[in-house]
Each structure stands twice: as C-alpha cells, then as structure tokens.
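Below is one structure, written out as structure tokens, with a few remarks after it.
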Amino acid sequence: MGRQDIDTVCEVAGPAAKKAQDQGFGPCTSTYAVVFQMISPEQKKALQTATVDPQRVVVRTPDKVEMPVEAVRSSATFSESDLGSYTLEYLKDAWYITD
Numbered sequence: 000m001g002r003q004d005i006d007t008v009c010e011v012a013g014p015a016a017k018k019a020q021d022q023g024f025g026p027c028t029s030t031y032a033v034v035f036q037m038i039s040p041e042q043k044k045a046l047q048t049a050t051v052d053p054q055r056v057v058v059r060t061p062d063k064v065e066m067p068v069e070a071v072r073s074s075a076t077f078s079e080s081d082l083g084s085y086t087l088e089y090l091k092d093a094w095y096i097t098d
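Per numbering that gives the first Met the number 0: the sequence shown = residues 0 to 98.
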C-alpha cells in the first residue's frame, strides 16, 4: 500500500475485494485508488518499511490469522479507520486477505 502498487494490493486482497464488490462496492482497482488517497504521505512512507508484531497476530488455525491494526509497527500511527484489521488465509500456496 505504501508504494501504491494497485496490482499487488488487488492480488493480495483479491478474496476480500471480491466480497466487497459483491456487496456493492466497486472493483478493487477503483476502491483501493480511493484508499490510497485517504492515506497521508507520511503514512505511505511509513508503510514501505512497516513490520508486523507477531505477538499481536491472532492465529485462528494454521492457515487463518487475524491481523489487527495494532500489529503494524511503523514510524506512523494508524487507526482502524486508516488501515483496518484483516483476516488472512493461506490459499493456493500464498497468504491472501479474505476479510
């Protein structure tokens, strides 16, 4: 997200983006273009070097985890409305955002 790489974002967020589109939101490329505009330049830069605190990730099953926004470690502060929390699932040999 920090690099605004829409193709990568939509690949990783594909399953969740499809759910959102089915609920009336636009296609991933349109919705994330709006999300990119909502993130400040400072936050975008911070996301380029952000890491995840594994102690804050909730493992539901070996192939499903909940990553709250509090798990993101960066030089900028993010709230739930800025970045949100995500469910990631291991599908087809890779991790994807599913919710």
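C-beta atoms are modelled at their ideal positions from N, C-alpha and C, and glycine is treated no differently.
Cα-Cα separation, residue i to residue j
i          : j          : result
residue 97 : residue 28 : 16 Å
residue 21 : residue 53 : 31 Å
residue 71 : residue 78 : 10 Å
residue 18 : residue 43 : 25 Å
residue 46 : residue 38 : 10 Å
residue 83 : residue 34 : 11 Å
residue 65 : residue 57 : 5 Å
residue 26 : residue 50 : 28 Å
residue 5  : residue 30 : 10 Å
residue 32 : residue 81 : 14 Å
Residue closest to residue i, alpha-carbon to alpha-carbon, out of the options
i          : options        : result
residue 41 : 74, 91, 3      : 74
residue 89 : 2, 7, 39, 11   : 11
residue 1  : 48, 56, 79, 33 : 48
residue 92 : 62, 66, 67, 16 : 62
Chain B within 8 Å of residue i, Cβ atoms only
i          : result
residue 86 : Here there is only one protein chain, and chain B is not present.
Whole-Å CB distance - residue i paired with residue j, under 8 Å assumed
i          : j          : result
residue 14 : residue 95 : 5 Å
residue 59 : residue 69 : So it is not a contact: roughly 17 Å between Cβ atoms.
Which residues DSSP lists as bridging residue i, in chain order
i          : result
residue 96 : 87
Please list the segments of the alpha helix (DSSP H) lying wholly inside the stretch 32-93, counting only runs of 4 or more residues, in order along the chain.
-> 40-46
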